[in-house]
Each structure stands twice: as C-alpha cells, then as structure tokens.
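Asks: Quick one: this structure, given as structure tokens, is what I'll be asking you about.
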Amino acid sequence: MLGMGLLPRSNSSPSHGTRRSGRRRVLLVAAPVECKHRAAGAPLTPRARPPTMSPMSNHRARSSSPSSDQPTRRDLLVGAAVAAVAASAARHARAEGAARPVAVASANGLEAVRRAVERMAAGVAPVDAAVDGVAIVEADPEDVTVGLGGLPNADGVVQLDACCMDGPTMRAGAVAALEGFRHPARVALEVMRRTTRVLLVGEGAARFARSIGLPEEDLLTERARKIWLYWKANMSDRDDWVEFPGQVDDPDVAWYIAKYGVIRPTGTINLCAVDAAGNIGGTTSTSGLAFKMPGRVGDSPVIGAGLYVDNEVGAAGSTGRGESVIEVAGAHTAVELMRGGASPTDACLGALRRIVSATRVPALLDDRGRPNFDVKFYAVNRVGEVGSAAMWSGGKFAVCRAGGEPELLDCAHVYEKV
13 MLGMGLLPRS NSSPSHGTRR SGRRRVLLVA APVECKHRAA GAPLTPRARP PTMSPMSNHR
73 ARSSSPSSDQ PTRRDLLVGA AVAAVAASAA RHARAEGAAR PVAVASANGL EAVRRAVERM
133 AAGVAPVDAA VDGVAIVEAD PEDVTVGLGG LPNADGVVQL DACCMDGPTM RAGAVAALEG
193 FRHPARVALE VMRRTTRVLL VGEGAARFAR SIGLPEEDLL TERARKIWLY WKANMSDRDD
253 WVEFPGQVDD PDVAWYIAKY GVIRPTGTIN LCAVDAAGNI GGTTSTSGLA FKMPGRVGDS
313 PVIGAGLYVD NEVGAAGSTG RGESVIEVAG AHTAVELMRG GASPTDACLG ALRRIVSATR
373 VPALLDDRGR PNFDVKFYAV NRVGEVGSAA MWSGGKFAVC RAGGEPELLD CAHVYEKV
C-alpha cells in the first residue's frame, strides 16, 4: 500500500512528490505494492509498475499553510488517489509482470502461446512464432470460429480472414474472404514476405495461395454444416426453411445451442509475441461473424484495427464485434495509449472506452445505453508486460513465458455482468 510520512530535511533533494514546510518537508512515498497475483519469482521492480502511476508520482503538492508540518487535505487526497491507482494496478500485476520471451492471446490460444514461446526460444522471429502458434487453432475443427470447421457465411461458405505484422520491419500482410485454405495467417505472412502489397481478398487471395503451393481443401465440416442448417431453419418464419424433427437433438446442434444460444459467435484468435531481444510480432485469424453476409469482412485482417505492432512500443489485437473495432482503429489506439505511458491493461481499457463513446446506433445499445456486444483487446509492450480487457466481465486471456506453462488470466472489464 502507499504511505505518507514526515521526513527530516536532508542534503539530497527528492526528485518529485515533495513540498517545503519550514525545516521539514512532506513526502508522498509510493511504497512497493505486494501483490498476491504477481507471478512467482517476478519481483515488482520500478519498471514493472504500471506507467499510469507516473503522472501521480510527478504531482508536486501545494501547501495551504506553509508553516504546518502536517499533511494537508490535498496531500491526503493525492495519496488516496495514488493508492486507488496502485490498488487497481495490483489486481492486474500478475498479467503485467515482465519477462521475455512472452506471448499473449485470446482464451482459445492456450496451446498457441506455448508453441509461440517455444519457437521464439529456438530463435524464430516473433511474427513467425505467432503464425505457427495460431496454426494449432486454425487446424482444430472443434473451434468453430477459426480456420477448418469455422462457421460459414449465410450461404454456407467458409470465408477466412487474417493478418500479421512484423515489428522490426513494420511490414504487414493480410487476406480477407479467403476460401479453401485452412491457414489464412500463413497466407497473410506470405503476402507480407513475397509481395509489396498488404491486403489480398477473395479469389485474388486464393489464387495467390495456390500459386505458392499451399494445399486447398473444403473447410466446411459436417459439424459446422449442421449448425448452419439449424441457423437457417430458425432465422425467420417467413422463408422456406423450417426446423425438422430431431434437429435440436443432434449432439453438434445441441452443443451450439448450449454454448451460444441466439448469439452469433464472433470468435477469432489474436496472438502477439515479444522475443528475448524485445522484437515484436503478431497475428489475428478468424472465420468471422457466424452466418455473416457473403463478403463481409471484420477487423481481423485490417491492420490498425484487429492488429497493430510497433517495435518501439508494443502490440495489440482484438476479438469480438469487428465493425466497432474498425470504427476506432482499436489495436492502433491501444498501441498509441501505451506509447503515451499506459500499461497494457489500461491501454486495452482505453480502447474499449473509445468504442463506448463511439457506439450510438440504438440497435447496438442496451436499455441503459451501454454496448450490447462484447469486444476484447490484448496487448503487450516491448519489455514484456501484458494485459487484456473486455467490454463485459468474465473474459479470459492466455499468457505464456519462457520456462513457464501457459495460463488463463482474467481480463479487466468496463462493465459488470449482472
């Protein structure tokens, strides 16, 4: 916690946080916060303290009574404010403890972050390690939001989006509405490496993937097809589709109903990575909003929205309602907030608050004027501090560091679910 004390005058002058008062001066002391959530063996160093404390610690208190040796009411208020900041930071200190290499991802990336860290430890560049990591999820037919087995668009066609970005070179690659290739992040990486372009879409993206010899296949699994048919049967009572007997009893359909109900999954995997030298890379991959309009593209392949990397600062990415992320350039916003001194967690919260202020369409607001959808941001800075935040409480994110096991941590949040 934070302490305030009266210290005797000394020949050395504190760098900040003092006020002169006769022969004594009052010093607001920010003592190290002992946080039970800090990762084992990770000391809370000055560098690991959330940057959001800096403006507070630079505050020079004014005395309303120069002759008094006691803290003023303003001193007490400043101390309380700093304590509040520290308490908030302490809740996320475990997520923000620095050690490299490190990978941070959405909750479905638990094994992906492990692979990414292993690859970086073997000398692979962060952007390649990130793409290798998400390939696990892209190839998993049980994840209906990414790659093979991803839920199709309204016409029953699986269209994938992805992007990647390399911090050291500031180069990027992306594909959108890609059909027939289960690893869109790999295709995006090849766009970055082999061309002077950034984004390829639709049939053009597929032609590029074929030209470099990547295998083509049907990505619509039987499970995803049954879920799509259930959606069509229940979408409207004014079309030609109806629910047939026993449809909801199918194990795959029953699983979908239990997990999502009437909510259309947005899914996606984002993964950002920092190696031991502080170089950064990242990728985002998705099958997009389930049953979307054919050709619809969300934030995942949009550099600056679903992903942004700056080797001098850090990286950020997102999952959730892509249109809302695009409208505020979400990932870029989070990186710029970190550039200004925000911790990764606070940067994610700041990007979410931009979405809150930008959301004005009545159909996207609940009865209290709050966004009725979810978005999550994930961020890491160049020293290895990580964080995540969600619009609504209950979110998780995945983290792995060298020599450690991957773990799921709680996201900070803007609103509490009731």
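First residue of the sequence shown? That's 13 in this note's numbering, and the numbers climb one at a time after it. All C-beta atoms in this analysis are idealised placements derived from N, C-alpha and C, irrespective of residue type, glycine included.
(1) If we ignore side chains and look at the alpha-carbon of each, how far apart do I275 and G352 end up?
(2) Give the C-beta separation of G293 and M177 to the nearest angstrom, bearing in mind that I take them to be a contact with Cβ-Cβ under 8 Å.
(3) Just to confirm, is the Cβ distance from V286 to P138 under 9 Å?
(4) Extract the residue ranges of the alpha helix (DSSP H) inside the region 172-253, only unbroken runs of 4 or more that lie entirely within it.
(5) My guess is that N393 and G326 are in contact by the Cβ rule of under 8 Å, so how many angstroms apart are they, rounded?
(6) Any idea if M403 is buried or exposed, counting beta-carbon neighbours within 10 angstroms, 16 or more meaning buried?
(7) Leaving out the 5 sequence neighbours to the left and right, which residues in its chain are closer than 6 Å to G290 when beta-carbon positions are compared?
(8) Rounded to the nearest angstrom, how far is the Cβ of A166 from that of F303, given a contact under 8 Å?
(9) Roughly how many angstroms separate the alpha carbons of T298 and A363, rounded to a whole number?
(10) Alpha carbon to alpha carbon, what distance is there between E397 and R112?
(11) Going by C-alpha to C-alpha distance, which of E229, G225 and V260 sits closest to W240?
(12) Quick check on I269: does DSSP put it in helix, strand or coil?
(13) Which first and last residues belong to the alpha helix (DSSP H) in which V337 is found?
(14) Expressed to the nearest angstrom, what Euclidean distance is found between the alpha-carbon atoms of P125 and V210?
(15) Tell me, please, whether the region 139-148 touches the region 196-210 by the rule of three or more beta-carbon pairs shorter than 8 Å.
(16) On the criterion of 16 or more Cβ atoms from any shown chain inside 10 Å, does M350 qualify as buried, or is it exposed?
(17) Hey, would you say A184 sits closer than 9 Å to I315, going by beta carbons?
(18) Out of curiosity, what's the CA-to-CA distance linking A133 and M247?
(19) Have a look at R131 and G145 and give me their C-alpha separation to the nearest angstrom.
(20) I need the boundaries of the beta strand (DSSP E) containing E150, first residue and last residue.
(21) So, is D173 buried or exposed, given that buried needs 16 or more other C-beta atoms within 10 angstroms?
(22) Please determine, among V347, V158 and D358, the residue with the shortest C-alpha to C-alpha distance to G332.
(23) For K244, which residues in the same chain have their Cβ closer than 7 Å to its Cβ, ignoring the five residues on either side in sequence?
(24) Would you mind working out which of C360, Y320, Y268 and V129 sits nearest A288, comparing C-alpha positions?
(25) Quick one: which unbroken beta strand (DSSP E) runs of 3-plus residues sit fully inside the region 345-423? Chain order, please.
(26) Just to check my reading of the structure: S405 and F389 have Cβ atoms closer than 8 Å, yes? What is that Cβ distance to the nearest angstrom?
(27) Would you mind reading off the limits of the alpha helix (DSSP H) that contains L122?
(28) Tell me where the beta strand (DSSP E) around G293 begins and ends.
(29) First and last residue of the beta strand (DSSP E) that includes N282?
(30) Under the three-state reduction of DSSP, which class applies to D311: helix, strand or coil?
(31) In chain order, what residues of the same chain lie with their CB nearer than 6 Å to the CB of G342, ignoring the 5 residues before and after it?
(32) For A460, collect the residues of the same chain with a Cβ closer than 6 Å to its Cβ; drop the 5 residues on either side in sequence, then sort them by chain order.
(33) Buried or exposed for S312, please, with buried defined as at least 16 other CB atoms from any protein chain shown within 10 angstroms of its CB.
(34) Please state whether the Cβ-Cβ distance between A117 and L226 is less than 9 Å.
(35) Do you know offhand how far F193's Cα is from L160's?
(36) Which first and last residues belong to the beta strand (DSSP E) in which D167 is found?
Replies: Result, derived from the coordinates:
(1) Along the sequence shown, read from residue 1 onward, the residue named residue 275 stands at position 263. Along the sequence shown, read from residue 1 onward, the residue named residue 352 stands at position 340. Cα-Cα distance, rounded: 36 Å.
(2) The count along the sequence shown starts at 1 and reaches residue 293 at position 281. The count along the sequence shown starts at 1 and reaches residue 177 at position 165. 7 Å between Cβ atoms; contact.
(3) For the purposes of this step, residue 286 is taken as the residue at position 274 of the sequence shown. For the purposes of this step, residue 138 is taken as the residue at position 126 of the sequence shown. Yes, the pair counts as a contact, with Cβ atoms nearer than the cut-off.
(4) 196-206, 214-223 and 234-247
(5) Residue numbering aside, residue 393 sits at position 381 when the sequence shown is read from its first letter. Residue numbering aside, residue 326 sits at position 314 when the sequence shown is read from its first letter. The Cβ separation is near 4 Å, so the contact holds.
(6) As a working note, residue 403 is residue 391 in the sequence shown. The residue is buried, with at least 16 neighbouring Cβ atoms inside 10 Å.
(7) Within the sequence shown, the letter at position 278 stands for residue 290. Contacts found: R394.
(8) The residue given as residue 166 occupies position 154 in the sequence shown. The residue given as residue 303 occupies position 291 in the sequence shown. Yes, they are in contact, since the Cβ atoms of A166 and F303 sit about 5 Å apart, within 8 Å.
(9) Mapped onto the sequence shown, residue 298 falls at position 286. Mapped onto the sequence shown, residue 363 falls at position 351. Rounded to whole angstroms, T298 to A363 spans 21 Å at the Cα level.
(10) Within the sequence shown, residue 112 is the residue found at index 100, counting from 1. Within the sequence shown, residue 397 is the residue found at index 385, counting from 1. For R112 and E397, the distance between alpha carbons rounds to 9 Å.
(11) Residue 240 sits at position 228 when you count from the first residue of the sequence shown. Ranking E229, G225 and V260 by Cα distance to W240 puts V260 first.
(12) Taking the first residue of the sequence shown as 1, we reach residue 269 at position 257. Helix, per DSSP.
(13) Here the question's residue 337 lines up with position 325 in the sequence shown. Residues G334 to E339.
(14) By one-based count along the sequence shown, residue 125 stands at place 113. By one-based count along the sequence shown, residue 210 stands at place 198. The sequence shown places Val at residue 125, rather than the Pro named in the question. Each residue's alpha carbon lies about 25 Å from the other.
(15) yes
(16) Indexing the sequence shown from 1 puts residue 350 at position 338. The residue in question, M350, is buried, as its Cβ has 16 or more Cβ neighbours within 10 Å.
(17) Your numbering for residue 184 matches position 172 in the sequence shown. Your numbering for residue 315 matches position 303 in the sequence shown. A contact, by the Cβ cut-off of 9 Å.
(18) On the sequence shown, position 121 is the one that residue 133 refers to. On the sequence shown, position 235 is the one that residue 247 refers to. Each residue's Cα considered, the two are about 48 Å apart.
(19) Mapped onto the sequence shown, residue 131 falls at position 119. Mapped onto the sequence shown, residue 145 falls at position 133. Whole-angstrom Cα-Cα distance: 9 Å.
(20) Working through the sequence shown from its first residue, we reach residue 150 at position 138. That residue, E150, is in no beta strand (DSSP E); its alpha helix (DSSP H) goes P138 to E150.
(21) Taking the first residue of the sequence shown as 1, we reach residue 173 at position 161. D173 should be labelled buried.
(22) The count along the sequence shown starts at 1 and reaches residue 332 at position 320. For G332, the nearest C-alpha among the options comes from V158.
(23) Within the sequence shown, residue 244 is the residue found at index 232, counting from 1. So the list reads W253, once near-sequence residues are dropped.
(24) Residue mapping note: residue 288 aligns to position 276 of the sequence shown, counting from 1. Nearest of C360, Y320, Y268 and V129 to A288, Cα basis: V129.
(25) 387-393, 398-404, 408-413 and 419-422
(26) As a working note, residue 405 is residue 393 in the sequence shown. As a working note, residue 389 is residue 377 in the sequence shown. So it is not a contact: roughly 15 Å between Cβ atoms.
(27) Here residue 122 is taken as the residue at index 110 of the sequence shown, counted from 1. Per DSSP, L122 belongs to the alpha helix (DSSP H) from L122 to A133.
(28) For this step, residue 293 is matched to residue 281 along the sequence shown. G293 -> beta strand (DSSP E) spans I292 to T298.
(29) Numbered from its first residue, the sequence shown carries residue 282 at position 270. Here the beta strand (DSSP E) through N282 covers I281 to V286.
(30) Position 299 of the sequence shown, counted from the first residue, corresponds to residue 311. Three-state DSSP puts D311 in coil, outside helix and strand.
(31) Residue numbering aside, residue 342 sits at position 330 when the sequence shown is read from its first letter. Result list for G342: A317, S330 and A363, in chain order.
(32) Residue 460 falls outside the range modelled here, since the chain spans only 13 to 430, and no answer is possible.
(33) If you number the sequence shown from 1, residue 312 lands on position 300. By the neighbour-count rule (16 or more Cβ atoms within 10 Å), S312 is buried.
(34) By one-based count along the sequence shown, residue 117 stands at place 105. By one-based count along the sequence shown, residue 226 stands at place 214. In this structure, L226 does not lie closer than 9 Å to A117 by Cβ.
(35) On the sequence shown, position 181 is the one that residue 193 refers to. On the sequence shown, position 148 is the one that residue 160 refers to. Each residue's alpha carbon lies about 8 Å from the other.
(36) For this step, residue 167 is matched to residue 155 along the sequence shown. Neither: D167 is in no beta strand (DSSP E) and is coded neither H nor E.
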